[in-house]
Amino acid sequence: MSANYSAANFEKPTGSAPDPLDEAAPGTLGYYYSQNNTLEPAIAATHNPYSLSEPMPGPLGGVRRVAGPGDAFALGSGHESKGRDFPLLNELDHYSRLRALFVPNSPTPSLRAQGVKIVAVNPNGVEAISFHNREGQTLASCLTGDQYPASTLTGTLAADPTNSAGNPAYQDIHVAASASSTAVTITDGATGGSASSYVLVDLQQNPLVETAYTGSQVVNLAPGFYRLLVTSGQVGFSYQVHYGEFSYVFYDDAGRAVASIAPKGVAELLPTGLDNPVYPTVSPLFTPLYRIHAQATGAALATSRGTFADDQYYSPNPGSANYTNVAIAGTPDQALYQRERVGVSGQMSYAFPVATGTYTVVLHFAETFFTSVGQRVFDVSLENAPYW
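This is the structure we're talking about:
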């Protein structure tokens with residue numbers, strides 16, 4: 222072609238292959254990567270010497286697929302990279318149940334709608350999945366496969382954005398390449414005389430292919446990416462996913478990684494599958510050596526984080542012991558934060574006898590006297606080294 226190569230040559234409305242480059246004119250990109258380039262015969266010849274991203278049309282957002290350099294990876298070759306982000310459903314219920322083994326005495330709420338699942342498909346069709354919390358920390362990763370029995374994902378969708386349960390109007394669905402076909406069960410939850418209506422959108426097709434349904438249905442989907450969108454009423458949905466080779470990272474309440482479990486270790490922790498509620502009996506891997514309540518009154522204090530004993534091993538002894546009945550916001554354990562022990566010189570230290578090893582120190586503070594930010598200034602040292 223003699224004209225300049227422009228967006229009109231590769232931004233095709235139906236996602237077809239872009240126009241070929243001019244390979245005849247020396248000095249052009251097409252010539253450089255063609256067999257006509259006799260000056261540099263070692264350069265690989267290809268009609269597709271660049272990468273190309275195809276955006277998802279309309280308001281869906283994201284990228285549908287990415288073509289790489291080389292004829293084998295061109296748009297339409299079937300070797301494009303693909304991916305999609307999904308709000309978490311119940312994929313990580315097994316992760317939440319196991320967290321108590323590594324972070325004792327800490328709540329383990331469901332991660333539904335509290336993070337994102339990212340599915341990435343490489344040019345060879347290998348599907349890798351990662352799971353992240355709201356802070357962006359990676360909680361788990363896996364591949365699609367049949368290491369475990371199929372796990373069932375469930376959810377509820379509602380067309381009314383003001384519904385009291387806060388259910389969304391749509392959910393994207395990933396059918397793994399390891400599954401030849403997956404049945405999506407859709408249950409009509411509408412009340413009254415009219416059946417709920419919804420559409421299934423095939424996100425791989427360009428233009429998008431939408432199929433409309435009403436009432437309860439069972440729809441079989443081939444591997445790929447889809448969107449279930451409710452247009453009226455409310456529906457529940459469920460479908461099976463085939464995941465394997467899970468790895469975990471567990472974080473404490475301060476957001477610090479405390480354990481990383483490789484796939485073989487996860488398989489040992491879940492010998493009967495992801496959905497089976499029977500988990501192996503395993504003692505917590507991290508057992509508190511000391512759990513101390515400053516200026517305790519002689520009796521142990523039971524809290525949501527475990528039982529705190531009298532403080533000991535402190536200097537100066539006794540120091541200044543104080544109590545307040547000020548309400549402490551943000552905790553169910555008021556009594557834990559309403560007592561204090563203070564060194565009269567402004568310095569207070571504890572010296573706990575421990576065996577040689579590595580320890581995690583968790584400090585709990587509450588301001589019960591000052592009322593403005595910046596009025597209390599202090600530091601903390603561990604093993605005589607500044608820590609905070």
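The sequence shown begins at 222 in my numbering and counts up by one.
Think of the CB as a built atom: it goes at the ideal place given N, C-alpha and C, for glycine as much as any other residue.
Model, not experiment: these values are computed from the prediction.
Notebook entry, point to check: Can you find at least 3 beta carbon pairs, one from the segment 469-483 and one from the segment 439-455, that sit closer than 8 Å?
Noted result: no
Item checked: R597, DSSP secondary structure in three states -> coil
Next item on the list: Work out the CA separation of Y369 and V499 for me, nearest whole Å.
Entry: Per-residue confidence for V499 stands at a pLDDT of 48, beneath the threshold of 50, marking its modelled position as unreliable; the derived number appears in the next sentence. Going by the C-alpha atoms only, they are around 14 Å apart.
Check: Bridge partners of L522, per DSSP?
Finding: F529
Checklist line | Given A515 as reference, the closest of A295, F586, P607 and L250 once Cα atoms are compared | finding: F586
Next item on the list: With N230 as the anchor, note down where its alpha helix (DSSP H) starts and where it stops.
Entry: Residue range A228 to F231 is occupied by the alpha helix (DSSP H) that includes N230.
Next item on the list: Return the chain-ordered list of same chain residues with a C-beta closer than 8 Å to the C-beta of P290, the five sequence neighbours on each side being excluded.
Entry: T267, N269, P270, Y271 and S272
Next item on the list: Just grab the DSSP bridge partners of P660 for me.
Entry: Outside the displayed range of the chain (222 to 609) lies residue 660, so it cannot be described from this structure.
Notebook entry, point to check: Taking three-plus beta-carbon pairs below 8 Å as touching, is the segment 562-574 in contact with the segment 517-537?
Noted result: yes
Note to self: Can you confirm whether the segment 342-359 touches the segment 427-434 when touching is taken to mean that 3 or more C-beta pairs between the two stretches lie within less than 8 Å?
What the structure shows: no
Check: From T377, L332 and Y252, pick the residue whose C-alpha is nearest to that of A361; which is it?
Finding: Comparing Cα-Cα distances from A361 to each of T377, L332 and Y252, the minimum goes to L332.
Check: Is it buried or exposed for E348, if we count other Cβ within 10 angstroms and need 16 for buried?
Finding: By the neighbour-count rule (16 or more Cβ atoms within 10 Å), E348 is buried.
Next item on the list: Could you pull the start and end residues of the alpha helix (DSSP H) that S317 belongs to?
Entry: D314 to R320
Notebook entry, point to check: If you draw a straight line from the C-alpha of T435 to the C-alpha of L364, how long is it?
Noted result: 34 Å
Notebook entry, point to check: In angstroms, rounded to a whole number, what distance separates the CA positions of G376 and L310?
Noted result: 7 Å
Notebook entry, point to check: If we count the other Cβ atoms within 10 Å of its Cβ and call it buried at 16 or more, is D409 buried or exposed?
Noted result: buried
Checklist line | Whole-angstrom distance between H395 and R597, CA atom to CA atom | finding: 52 Å
Next item on the list: Could you check if D367 is buried or exposed, using at least 16 other CB atoms within 10 Å of its CB as the buried criterion?
Entry: exposed
Note to self: Does V547 pass the burial test, meaning 16 or more other C-beta atoms within 10 Å, or should it be called exposed?
What the structure shows: Per the 10 Å Cβ criterion, exposed.
Item checked: C-beta contact flag for V451 and L522 at 7 Å -> no
Check: Is the beta carbon of S418 sitting closer than 7 Å to the one on A411?
Finding: no
Margin query: Using a 10 Å radius around the Cβ and a threshold of 16 neighbouring Cβ atoms, would you call K485 buried or exposed?
Written below: Here K485 is exposed, its C-beta having fewer than 16 other C-beta atoms within 10 Å.
Item checked: Integer-rounded CB distance, given that A341 should sit under 8 Å from H463 -> That belief does not hold up - the Cβ atoms of H463 and A341 are roughly 16 Å apart, past 8 Å.
Checklist line | Proximity winner among P539, L584 and T359, relative to A475 (alpha-carbon distances) | finding: Considering only alpha carbons, the answer is L584.
Check: By a C-beta neighbour count over all protein chains shown, 10 Å radius and 16 as the cutoff for buried, is G336 buried or exposed?
Finding: buried
Notebook entry, point to check: When burial is assigned at 16 or more other CB atoms within 10 Å of the CB, is R477 buried or exposed?
Noted result: exposed
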